[in-house]
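Here the structure comes first, spelled out in structure tokens, and everything after it is commentary.
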Amino acid sequence: MKAVVYKGKDQVSVEEIPNPRIEAPDDAIIRISSAAICGSDLHMFEDRSAAGPGTVFGHENMGIIEEVGPAVRSIKQGDRVVLPFNVACGFCFNCARGYTNACLTANPEGTTAGYGYAGMGPYRGGQAEYLRVPFADFNCLKLPGNEGDELEDDFVLLADIFPTAWHATEQAHVHEGDTVAVYGAGPVGLLAAYSSLLKGASEVFVVDRAPERLQKAKSIGAIPVDFTQGDPAEQIKEIRKRNTRQQSALRPEDRKMEGVMCGIDAVGYQARDDRNPDREDPMQVIRQLSQVVNPTGHIGIIGVFFPKDPGGVDEHARKGEYLFPLGEIWDKGIGIEMGQAPVKRYNVFLRDMIINGRAKPSFIVTQRLPLSQAPEAYAHFVHRGVGAGKDYTKVVLKPGLDRAA
Ligand SMILES: NC(=O)c1ccc[n+]([C@@H]2O[C@H](COP(=O)([O-])OP(=O)(O)OC[C@H]3O[C@@H](n4cnc5c(N)ncnc54)[C@H](O)[C@@H]3O)[C@@H](O)[C@H]2O)c1
Ligand SMILES: [Zn+2]
Ligand SMILES: [Zn+2]
3 MKAVVYKGKD QVSVEEIPNP RIEAPDDAII RISSAAICGS DLHMFEDRSA
53 AGPGTVFGHE NMGIIEEVGP AVRSIKQGDR VVLPFNVACG FCFNCARGYT
103 NACLTANPEG TTAGYGYAGM GPYRGGQAEY LRVPFADFNC LKLPGNEGDE
153 LEDDFVLLAD IFPTAWHATE QAHVHEGDTV AVYGAGPVGL LAAYSSLLKG
203 ASEVFVVDRA PERLQKAKSI GAIPVDFTQG DPAEQIKEIR KRNTRQQSAL
253 RPEDRKMEGV MCGIDAVGYQ ARDDRNPDRE DPMQVIRQLS QVVNPTGHIG
303 IIGVFFPKDP GGVDEHARKG EYLFPLGEIW DKGIGIEMGQ APVKRYNVFL
353 RDMIINGRAK PSFIVTQRLP LSQAPEAYAH FVHRGVGAGK DYTKVVLKPG
403 LDRAA
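If you read the sequence shown in the numbering used here, its first letter stands for residue 3, the second for the next number, and so on.
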């Protein structure tokens, strides 16, 4: 079968590799109908992770069950399913408590497992024609309808970024009426803003520099903030001050709460320095969040930080160590939560919001391409919404388009 294989820094190719087969009685094999490319794949693509050449990419996978092992009970050949990017057993101490992002069974070398990802176990990725799914009863989320129908690109986002973005709003304690600042208008940031609005937030700001991504933020009712136009934390406070109706509802002392209650970092360790976007400043976003989040507020760090980063800006960053204003955050009594999203906790109810027309996350999808075009897709998407990547927000690969061609 054909699959997207990592070759080394800034290089992937589409190659023939052996088809997956049933290895354990509770495995299933799916034929991939859609596999999305993620900002998380870019860390590996840019050689900013432990991924080595030969890694088959793809953790946002959806398709049709081709074959099931003898112990699989609840799904059968022909079923349409989407898979959480976390591979999880469903029965260990962590899975049983809903922390499928920290499954103790699925990765012999660690406490987290996923498809096609450095350090996340022996599972190949699904940017390919077929994929082996372990613990299939637990991991497959059943979907209605038919391959390629009008909900295909909504459903594929249930593998990662819609539940991940929803989880970011949980980390940041977003509730009805809340004020929210989301840093990053990539797929995760846009859907974190969208999830905040679905939860009933009253004001949602989205910070980035990529024009089309900021435009998408505006299209869903969020307030775009371009970080190249000045300190975004100050811009957000200024915009709030100009909201005269809201301001006149405050008592004088309430004006000390000039920022927002909830902050989300949907950028991670590859954050750009807003005064010189050619450079990285991994703590830029956390520093600005500590300024813009009000006392007693919450910060969710859904953007990735790794324990090792071969391309880190300095000796500390290379070891995953960072300097950030803990004193200010402590003084303001701000809570911080972070880490990988437990997709399974959210994917059922988000699926049902899609089915019943309450959510349409596919507004972020900009390209639907055959698998054979993965190398060009990576080459554009890696620019993260600027320059050669300006039209690329979310790419979904469709192996079926290669067969049709
Ligand atoms: N925790 C999880 O489970 C999980 C799951 C999926 C993705 N992620 C991570 O979420 C992050 C975002 O993913 P994505 O797919 O949206 O990626 P992306 O790379 O497409 O988007 C990142 C965006 O951040 C913007 N940005 C860069 N520096 C900035 C700054 N200083 N201020 C504001 N915006 C800035 C970029 O312009 C870009 O649009 C990545 O780190 C990804 O690995 C985490
Ligand atoms: Zn992903
Ligand atoms: Zn488990």
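Even for Gly, the Cβ is constructed at its ideal location relative to N, Cα and C.
Check whether residue i and residue j have beta carbons under 8 Å apart
{"i": "arginine 33", "j": "glycine 54", "result": "no"}
{"i": "glycine 188", "j": "glycine 71", "result": "no"}
{"i": "valine 6", "j": "phenylalanine 59", "result": "yes"}
{"i": "threonine 181", "j": "methionine 263", "result": "yes"}
{"i": "alanine 268", "j": "glycine 191", "result": "yes"}
{"i": "isoleucine 31", "j": "alanine 170", "result": "no"}
{"i": "proline 132", "j": "methionine 3", "result": "As written in the sequence, residue 132 is tyrosine, which differs from the proline given in the question. Closer than 8 Å, so yes."}
{"i": "valine 295", "j": "glycine 261", "result": "yes"}
{"i": "alanine 183", "j": "isoleucine 238", "result": "yes"}
{"i": "histidine 61", "j": "alanine 174", "result": "no"}
{"i": "valine 84", "j": "cysteine 105", "result": "no"}
{"i": "phenylalanine 411", "j": "isoleucine 163", "result": "The requested residue 411 does not occur in the structure, where the chain is confined to residues 3 to 407."}
C-alpha gap between residue i and residue j, whole angstroms
{"i": "alanine 161", "j": "asparagine 358", "result": "18 Å"}
{"i": "arginine 370", "j": "aspartate 151", "result": "13 Å"}
{"i": "threonine 107", "j": "asparagine 96", "result": "10 Å"}
{"i": "threonine 102", "j": "threonine 166", "result": "12 Å"}
{"i": "glutamate 48", "j": "aspartate 156", "result": "27 Å"}
{"i": "isoleucine 378", "j": "leucine 399", "result": "In the sequence as presented, isoleucine is not what sits at residue 378; that position holds glutamate. Answer to the nearest angstrom: the Cα atoms are 12 Å apart."}
{"i": "alanine 343", "j": "aspartate 280", "result": "29 Å"}
{"i": "alanine 224", "j": "aspartate 404", "result": "37 Å"}
{"i": "glycine 10", "j": "isoleucine 19", "result": "18 Å"}
{"i": "arginine 242", "j": "glutamine 249", "result": "8 Å"}
{"i": "phenylalanine 365", "j": "lysine 218", "result": "8 Å"}
{"i": "lysine 346", "j": "leucine 352", "result": "10 Å"}
{"i": "tyrosine 380", "j": "aspartate 256", "result": "47 Å"}
{"i": "glutamate 236", "j": "glycine 118", "result": "40 Å"}
{"i": "glycine 179", "j": "lysine 201", "result": "9 Å"}
{"i": "glycine 402", "j": "glutamate 17", "result": "16 Å"}
{"i": "alanine 203", "j": "histidine 177", "result": "6 Å"}
{"i": "alanine 130", "j": "leucine 145", "result": "20 Å"}
{"i": "asparagine 21", "j": "glycine 128", "result": "12 Å"}
6 Å CB neighbourhood of residue i in its chain, flanking five on each side removed
{"i": "tyrosine 196", "result": "Ile222"}
{"i": "tryptophan 168", "result": "Ser197, Tyr348"}
{"i": "arginine 215", "result": "Ala187, Gly387, Thr395"}
{"i": "leucine 159", "result": "Pro363"}
{"i": "glycine 313", "result": "Arg50"}
Helix, strand or coil at residue i according to DSSP, with G and I counted as helix
{"i": "glutamate 25", "result": "coil"}
{"i": "leucine 199", "result": "helix"}
{"i": "lysine 392", "result": "coil"}
{"i": "methionine 355", "result": "helix"}
{"i": "lysine 4", "result": "strand"}
{"i": "arginine 33", "result": "strand"}
{"i": "methionine 263", "result": "strand"}
{"i": "methionine 340", "result": "strand"}
{"i": "asparagine 109", "result": "coil"}
{"i": "alanine 38", "result": "strand"}
{"i": "arginine 370", "result": "strand"}
{"i": "aspartate 404", "result": "helix"}
{"i": "glutamine 272", "result": "coil"}
{"i": "serine 364", "result": "helix"}
Close beta carbons around residue i, own chain, < 7 Å, minus the five adjacent residues each side
{"i": "glutamine 149", "result": "Residue identity differs from the one stated: residue 149 is glutamate in this sequence, not glutamine. Cβ neighbours of glutamate 149 beyond the five flanking positions: Ser35, Ile66, Arg82."}
{"i": "glutamate 25", "result": "Arg134"}
{"i": "alanine 52", "result": "Ala120, Gly121, Lys310"}
{"i": "proline 327", "result": "Arg289, Ser292"}
{"i": "aspartate 393", "result": "Glu214, Thr368"}
Continuous beta strand (DSSP E) stretch holding residue i: start and end
{"i": "aspartate 280", "result": "278 to 282"}
{"i": "histidine 300", "result": "295 to 303"}
{"i": "glutamate 156", "result": "The amino acid at residue 156 is misidentified as glutamate; the sequence shows aspartate. Note, aspartate 156: premise wrong, no beta strand (DSSP E); alpha helix (DSSP H) at 154 to 157."}
{"i": "alanine 183", "result": "181 to 185"}
{"i": "aspartate 210", "result": "205 to 210"}
{"i": "arginine 82", "result": "82 to 85"}
{"i": "leucine 160", "result": "From DSSP, leucine 160 is part of no beta strand (DSSP E); its letter is neither H nor E."}
{"i": "glutamate 317", "result": "Segment 317 to 320 is the alpha helix (DSSP H) holding glutamate 317; no beta strand (DSSP E) there."}
Residue i at chain B interface by Cβ criterion, 8 Å
{"i": "valine 83", "result": "Of the chains in the structure shown, none is chain B; there is only one protein chain."}
First through last residue of the alpha helix (DSSP H) which encompasses residue i
{"i": "methionine 64", "result": "Per DSSP, methionine 64 belongs to no alpha helix (DSSP H); it is in the beta strand (DSSP E), 62 to 70."}
{"i": "serine 42", "result": "41 to 47"}
{"i": "leucine 252", "result": "Taken as a continuous stretch (DSSP letters only), leucine 252 belongs to no alpha helix (DSSP H), as it is neither H nor E."}
{"i": "aspartate 139", "result": "138 to 141"}
{"i": "proline 226", "result": "Careful: proline 226 lies outside any alpha helix (DSSP H), inside the beta strand (DSSP E) at 225 to 228."}
{"i": "arginine 134", "result": "Element bounds for arginine 134: not the alpha helix (DSSP H) but the beta strand (DSSP E), 132 to 135."}
{"i": "glutamate 214", "result": "213 to 221"}
{"i": "glutamine 237", "result": "234 to 243"}
{"i": "leucine 328", "result": "328 to 333"}
{"i": "glutamate 378", "result": "376 to 383"}
{"i": "asparagine 96", "result": "95 to 98"}
Own chain, CB closer than 8 Å to residue i, minus 5 neighbours either side, in chain order
{"i": "aspartate 139", "result": "Asp28, Val74, Arg75, Ser76, Ile77, Gly92"}
{"i": "histidine 318", "result": "Tyr324, Leu325"}
{"i": "aspartate 233", "result": "Asp276, Gln290"}
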